[in-house]
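Peer 1:
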Amino acid sequence: MLEDVPRDPFADDPDDPASELGELDDPVPLTAAERDEAITDLADVEVFRSLLEPQGVLGLVLDCPECGEQHYFDWALLRGNLRQMIDNGRPQMHEPAFHPDPSDYVSWEYARGYVDGVIDTEERN
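Heads up, the sequence shown is in my numbering, so the first residue is 1 and it goes up one at a time.
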């Protein structure tokens, strides 16, 4: 599944600045409930993308509980992160979006509401 994850721009670079941080701890496997939730999230992201990408939405904006800031994730990075979590217990390190235009991204709640609206409309027709 690593083909879905953007390549580390410092891969194979002997001067990788992250090397100063030391080795990462071994990932802790997800619990069965966490894995099920990540699989559900991955399925949701696929549905969100299929309906919102044609509308010009590039991905989702998520509130980070660790730093309190918003992070912008394009569809490929979201899929890759979720697959990494499912397979390895944590997402791959990545660079944040560079000067994202907030109008190109929607929140998880907006995406869920959009999908629910599409489903409701289809059920009425």
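The C-beta atom is built at its ideal place from N, Cα and C for all residues, glycine as well.
Quick check on this structure: which residue in 32, 70, 59 has the alpha carbon closest to the alpha carbon of residue 106?
Peer 2: Closest by alpha carbon: 59.
Peer 1: Hey, quick one: how far does the alpha helix (DSSP H) through residue 80 stretch, first residue to last?
Peer 2: That run of the alpha helix (DSSP H) goes 75-88.
Peer 1: Please go through the same chain and pick out, in chain order, the residues whose beta-carbon is closer than 8 Å to the beta-carbon of residue 53, but skip the five residues on each side of it.
Peer 2: So the list reads 75, once near-sequence residues are dropped.
Peer 1: Exposed or buried, which one is residue 81 when buried takes at least 16 other CB atoms within 10 Å?
Peer 2: Buried is the call here.
Peer 1: Count the other CB atoms within 10 Å of the CB of residue 118; is the residue buried (16 or more) or exposed (fewer)?
Peer 2: So residue 118 ends up on the exposed side.
Peer 1: Considering just the uninterrupted stretch of the beta strand (DSSP E) at residue 59, what are its terminal residues?
Peer 2: Residues 59-63.
Peer 1: Using a Cβ-Cβ cutoff of less than 6 Å, which residues in the same chain neighbour residue 72 once the five nearest sequence positions on both sides are dropped?
Peer 2: Correct list, in chain order: 61, 97, 100, 105.
Peer 1: Going by other Cβ atoms of all chains shown within 10 Å of its Cβ, with 16 needed for buried, is residue 84 buried or exposed?
Peer 2: When all chains shown are included, residue 84 counts as buried.
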